[in-house]
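Protein chains in written order, with the working numbering: chain A, 121 to 424; chain B, 171 to 439; chain C, 817 to 1101. Read through the structure below, which is laid out as C-alpha cells, and then see the notes.
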Amino acid sequence: MTWLKDKISSPSKLNKSSQFDWDWVLVWVLRIMAAITGAIVLLIVIFLILESLPFLQVKGIGPFFTDQRWNPTEGLYNFTPMLWGTLLATMGSVVVATPLGIISALFCQYYAPVAIGNLYRRLIELLAGIPSVVYGFWGLVVLVPLINRLHPPGASLLAGIIILTIMILPTIALVADASFGKVPQEYLLGATSLGLSKWGTICNVVFPAAKSGLFTGVILTVGRAIGETMAVLMVCGNVVETPSSIFDPIRTLTANIALEMAYALGNHRSALFVSGLALMAIIVLLAVAAEVITVTSSPVTKNS
Amino acid sequence: MTVTNLDNLQATTQESVLMRTEQLSLSYGKKIAFEDVSIAINQSKITALVGPSGCGKSSFLSCLNRLTDLIDNCRVTGRIFLEKWDVMNRQIDTIALRRRVGHIFQKPNPFPLDLWKNFAFPLKEHGVKNRQEIDLIVERVLKDVGLWHEVKDRLKDSALALSGGQQQRLCIARALALEPEVLLMDEPCSALDPISSGVVEDLIASLRQKYAVLVVTHNLAQAKRIADYVGVFWVRDNRGKLIEFGEAKQVFESPQHDLTAAYISGHRG
Amino acid sequence: MKQEIIKSPISTILVWLVAVLVTGTFAWILGDIIFHGVGGISWEFLTTAPEDAGRSGGIGPILVSTGLILAVAMGVSVPLGVGTAILLAEFTSATNWFGRFVRRSLDILAGVPSIVFGLFGNAFFAKTLGLGFSILSGGLTLACMVLPILIRSAEEGLRGVPDELRLGAAALGLSRTATLFHLLLPAAIPGLLVGLVLGIGRAIAETAALVFTSGYVARMPQSLLDSGRSLSIHIFDLSMNISGGDTNAYGSALVLVILFLMINATAAWLAHQSSSKYNDSYQFR
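This is the structure we're talking about:
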C-alpha cells in the first residue's frame, strides 16, 4: 500500500495556512535520500570511466590483448593471462560448487529430518557471511601446504578453485533452497501418489519447477566468484602467466588490482581502473541475464 | 426505479441529505468494481448497503472518505458531495474530510499501542493537546460505546489484548472521538462472534441519534432490524451496480426489482 | 532411520555424503582457526599495540580502527538506507519510474565486487574529495557497500506492518508523517535492527574495499582523517607479508570469527522477535 502523490492532495493551504505541511517536507527529504542512494551506482561507473579514460584515450583497448606481457613499468599491459586466471578459477569453482550447492539444498528440503535440515540451513547461512579473509587465511596455512605435498608449488589454480568453491557454495545452496521451497506442495504430493521415487520426483517434478531459480542462482554465483578478491589472492600464487596445468599459479583480475593499486601511477593506475570497469560491466551483464531469466521463464512472478 | 435518477428520491428527503454521490464509478486497472452508483445519506438515519460479496460495496465506502487515494491502480469517477463540499476535488483537505467522515473496518484495527494512546495519538494530531481534555473525551466516547466499565482500569494495557468485540467497539469509539458527522461501517459485525456482534449492532442502532450512518452488511436480517434506508448492490456484466435504493420498509416489503425480491426472499445471492 | 538408509538408493546416500562433506569442511576450517587461535587471545592481546610489524604485541589500535570504520559506515548508511526504504515501501508504487530506477540501482550495487568499491572509494573519497587514506574514506566506501542489505531488510520490516494500520490511520485523518513516526516505524523496528546487524556483519568481513581506502597504518588513530587498519586487513597483512606472523594472524582471525558469530546470533534473535510479534498478538493477519 502506498500513498501516491498524484492521487493525494496535500492538505490544502487554504484551510490551514498556519500549519506547516510536514508531509510535503517528509516526502522530499525521503526523495533526496533515495536519489543519493540510486546515484551511487552511477557515481561508481562515472568514476571508473573517468579514471580509465587517460589510458583508453591514448592507447585504446588493443594493448590489453596485443602487448607481449603484463609489465606496467615497461609500459606493457597484456591482460590475457589474468583474464584466463579469472575465467578458469570462476568456471572451475562454479562447475564444482553448483552440484554440491544444489544437493545441499535438496538435503535441506527433502532428505534431512526437519530439525537437521534447519540446522544445516542455518550453518550454510552462517558460512555465506564468513569473512573472505578467514577463508583465504585457512587456504594459505592449511590448503596450500597440502597441495604443495601433492604437487609443488601449492599456491595454484587448484587452490583457488577449492577456496572459491567453499565460498560460493553457500550462495548457490541458499538460492536453490529458496527456489525448491517455492515448488508447490501439490506437485510433490501428486508425484508421490503416482508412486514416483524420491529421486524420480526430484528429477521430474522439482528440477523443472525450480529451473529458473536455479539458473538465477548460478548466475549470481558466477558474479560472486568473478568478484572475489582477497581469498583468491592469498592462495593462487599471483604469477602473471597463463596456466598450463591445474597446479600452476595464476593471478586473477581482482587480485591484480589489489596487489598493484597501492603503488600504481599514471597509465598503470588507469589500466587497473579499466580492469575494474570491465568487472563492473560483467556484473551488470550478469544482473541483466538473471533478470531476463526470471522474467521470461516464470510466468507466475509476472502475473502476481 | 431507475438508479441513476435521483430526483424523486431527493425530493422526499432533501432537507436531511448530508452526503450524496452522483454516478460514482470505480475501477482497478481495467476491472470495473462498480459503476454509476448514486445514493444519498441522510442525517440521523442509518443507510444500509446489502448485496452479495464482490459487488463493490466496500470499495464504495472507501471512495466516500477518499481512502481510495491509498490504493494503487484505482480510479474513481463521478461526484461526491458532503453538504455543499465537493469531495472529489483534488484540492480539498483530505485530513479534514476524514475527520468529518469516520470509517470502521470489517476487521477491528486498533493501533498496537495502549488503549489511552489509541485515542490520544489521533486527538493530538488533530490539535487536542490538553491531557485533561483528552481524558474527558476518552471517558465520554468509551461510555457511548459501552466499553467504559469494562476497560476503565486498564487504559494503559495494549489495545490488542482486548477481545474482538471490544476491539471493534474501541475502533468505533476512536472514530467518535474525532466528532465525525458521517460514519462509514464496512461489515462491522462480520468478523465477530454472535454475542459481540449483537452488542455492536445495538451500538450502531443507538448511533443513529447523532450521526449519519452508512453500513455495509451481508446480513439481511441485520439490515432489516436497523436500517432506515437500504441500497441493494448486484453484480451485472461482471461489475457492481446499485439496483435498488429506497426506504427500508419499501425495499423489503415491496421491492421494485425482481433481483431484489429474489435476494430478499433468499432465492438469490 | 537405519532401515531407511539401508533401503535407500544410491542417490540418497550421495546426498547425505555431500551434506557430511560440506559440514566436515566447514568444521575443519572453523576448528583449525579455533584450535590455533585460542591460545593467542588474552586481554593483553586485545588491548595492546602490535609490535615488530605485528609478529608480537596485540591488536588494540586495530580494534579501535575497525570500530571507527564501522561507526562511520553505519552512521552514514543507516539514515540514508532507512530513508530510502521508507520511500520505496510507503511512498512509491510498483510502476513508478523513480522507484524502479532506485531498485534497479540497488540490485546492481548488491552485486558489485568489493574490489570495485575499493577502486571507487580510492578515486572518489580519497582522491576527489581529498580525504586521503583515512578511516573516513574507508567508512564511506563501506557505507555504499552495505546500503543494499540495509534497505532490503528495512523494506521487509515495513512491508511486514499490516495494511490495516495504514488504512485505519488514514481513515482517522492522520497525516503521513504522524502515521510513519508513531505507528509504522515503531512496528518495523525489529526489521530495521536485523538490517543494521547484517550490515555490520558485511562491513566487518570486508577487506578488499579497504586496502586502498582506509589503508594499512597500524597505529592508534587520532582522528577520522587518520589511516586505520581494520582487523581483516591485519589478518591479510600478517599472513601474506610478514613471515612469522601466523600466530597473531590466527588470534586475529579467531577474534574476527567470534565477532562475526556474535553479530549473526544477534541478527537471528532479532529476526525471531520481529516474526513472532504480529502472529502472537494481532487479531488480523
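Built from N, CA and C at the ideal position, the CB exists for glycine as well.
Going straight from the alpha carbon of residue i to that of residue j, what length do you get?
| i | j | result |
| --- | --- | --- |
| aspartate 256 (chain B) | isoleucine 250 (chain B) | 6 Å |
| glycine 335 (chain B) | isoleucine 304 (chain B) | 24 Å |
| threonine 944 (chain C) | threonine 882 (chain C) | 24 Å |
| glycine 333 (chain A) | valine 215 (chain A) | 17 Å |
| valine 894 (chain C) | proline 282 (chain B) | 25 Å |
| isoleucine 822 (chain C) | threonine 291 (chain A) | Only weak support exists for where isoleucine 822 (chain C) lies, its pLDDT of 48 falling under 50; the value from the coordinates is given anyway. C-alpha separation (whole angstroms): 32 Å. |
| serine 1030 (chain C) | serine 930 (chain C) | 14 Å |
| lysine 201 (chain B) | valine 338 (chain A) | 39 Å |
| threonine 864 (chain C) | leucine 958 (chain C) | 26 Å |
| isoleucine 166 (chain A) | serine 953 (chain C) | 18 Å |
| serine 130 (chain A) | asparagine 279 (chain B) | Reliability fails at serine 130 (chain A), whose pLDDT of 36 lies under 50, so the model's placement of it is uncertain and the value that follows must be treated cautiously. Their Cα atoms are separated by approximately 25 Å. |
| alanine 343 (chain B) | isoleucine 216 (chain B) | 18 Å |
| asparagine 259 (chain B) | methionine 890 (chain C) | 44 Å |
| threonine 336 (chain A) | isoleucine 829 (chain C) | 28 Å |
| lysine 299 (chain B) | phenylalanine 291 (chain B) | 10 Å |
| alanine 296 (chain A) | alanine 330 (chain A) | 8 Å |
| isoleucine 826 (chain C) | arginine 344 (chain A) | 32 Å |
| glycine 416 (chain B) | leucine 429 (chain B) | 15 Å |
| leucine 1041 (chain C) | lysine 302 (chain A) | 49 Å |
| leucine 884 (chain C) | isoleucine 951 (chain C) | 7 Å |
| cysteine 356 (chain A) | methionine 1078 (chain C) | 31 Å |
| threonine 182 (chain B) | glutamine 213 (chain B) | With a pLDDT of 48 at threonine 182 (chain B), under the threshold of 50, the modelled position of that residue is not reliable, and no figure is offered here. |
| leucine 348 (chain B) | proline 1006 (chain C) | 32 Å |
| leucine 392 (chain A) | arginine 992 (chain C) | 48 Å |
Which two residues bound the contiguous alpha helix (DSSP H) that contains residue i?
| i | result |
| --- | --- |
| cysteine 443 (chain B) | Any property of residue 443 (chain B) remains undetermined from this structure, which presents chain B solely from 171 to 439. |
| histidine 852 (chain C) | 826-853 |
| arginine 310 (chain B) | 301-314 |
| tryptophan 153 (chain A) | Before going on, a small fix: residue 153 (chain A) reads as methionine here, not tryptophan. Start and end: 142-179. |
| tyrosine 240 (chain A) | 234-249 |
| isoleucine 1016 (chain C) | 1001-1021 |
| isoleucine 434 (chain B) | 428-434 |
| glycine 357 (chain A) | From DSSP, glycine 357 (chain A) is part of no alpha helix (DSSP H); its letter is neither H nor E. |
| isoleucine 1051 (chain C) | 1047-1057 |
| alanine 77 (chain A) | The structure shown does not extend to residue 77 (chain A), since chain A spans only 121 to 424, so no value can be given for it. |
| phenylalanine 257 (chain A) | 252-258 |
| valine 264 (chain A) | 264-270 |
Any idea which residues DSSP pairs residue i with across the strands?
| i | result |
| --- | --- |
| asparagine 442 (chain B) | With chain B running from 171 to 439 in the structure shown, residue 442 (chain B) is simply not present. |
| proline 866 (chain C) | C:Gly873 |
| leucine 196 (chain B) | B:Phe204, B:Val246 |
| asparagine 191 (chain A) | A:Leu196 |
Should residue i be labelled buried (16 or more other beta-carbon atoms within 10 Å of its own) or exposed?
| i | result |
| --- | --- |
| alanine 432 (chain B) | exposed |
| histidine 296 (chain B) | buried |
| leucine 196 (chain A) | exposed |
| serine 137 (chain A) | Because the pLDDT of serine 137 (chain A) is 38, which lies under 50, any placement of that residue in the model is unreliable, and the number read from its coordinates should be weighed accordingly. Exposed. |
| proline 350 (chain B) | buried |
| serine 424 (chain A) | A caution first: serine 424 (chain A) carries a pLDDT of 32, below 50, which makes its placement in the model unreliable, though a value can still be read off. Exposed. |
| asparagine 358 (chain A) | buried |
| methionine 1036 (chain C) | exposed |
| threonine 247 (chain B) | exposed |
| methionine 189 (chain B) | buried |
| glutamate 820 (chain C) | Any reading at glutamate 820 (chain C) is ruled out, since the residue's pLDDT is 48, under 50, leaving its predicted position unreliable. |
Using the beta-carbon of each residue, which ones in chain F are nearer than 7 Å to residue i?
| i | result |
| --- | --- |
| proline 369 (chain A) | Going by chain labels, chain F is absent from the structure shown, which instead holds the protein chains A, B and C. |
Output the boundary residues of the beta strand (DSSP E) element that contains residue i.
| i | result |
| --- | --- |
| methionine 287 (chain A) | Looking at the DSSP string, methionine 287 (chain A) is not in any beta strand (DSSP E); the run it does join, the alpha helix (DSSP H), is 277-301. |
| glutamate 414 (chain B) | 409-417 |
| histidine 998 (chain C) | Premise fails: histidine 998 (chain C) is in no beta strand (DSSP E) and is neither H nor E. |
| methionine 355 (chain B) | 352-356 |
>> Using 8 Å as the cut-off, can you tell me whether the region 933-944 of chain C makes contact with the region 1002-1014 of chain C, which would need three or more C-beta pairs spanning the two stretches below that distance?
In response: no
> Are at least three pairs of beta-carbons, each pair with one atom in the region 273-287 of chain A and one in the region 306-321 of chain A, less than 8 Å apart?
Replying inline: no
> Can you find at least 3 beta carbon pairs, one from the region 1073-1093 of chain C and one from the region 244-253 of chain A, that sit closer than 8 Å?
Replying inline: yes
> Do the region 270-286 of chain B and the region 359-368 of chain B meet, that is, are 3 or more Cβ pairs less than 8 Å apart?
Replying inline: yes
> Does the region 248-267 of chain A come close enough to the region 189-204 of chain A that 3 or more CB-CB pairs lie under 8 Å?
Replying inline: no
> For the region 890-904 of chain C against the region 156-168 of chain A, are there 3 or more C-beta pairs whose distance is under 8 Å?
Replying inline: yes
>> With three or more beta-carbon pairs closer than 8 Å as the criterion, would you say the region 979-995 of chain C touches the region 1047-1059 of chain C?
In response: no
> Should the region 375-393 of chain A be regarded as contacting the region 1020-1029 of chain C, the criterion being three or more beta carbon pairs within less than 8 Å?
Replying inline: yes
>> Can you confirm whether the region 898-915 of chain C touches the region 1028-1043 of chain C when touching is taken to mean that 3 or more C-beta pairs between the two stretches lie within less than 8 Å?
In response: no
> Between the region 388-401 of chain B and the region 209-225 of chain B, do at least 3 Cβ pairs fall closer than 8 Å?
Replying inline: yes
> Pairing CB atoms from the region 364-372 of chain B with CB atoms from the region 325-341 of chain B, are three or more of them under 8 Å?
Replying inline: yes
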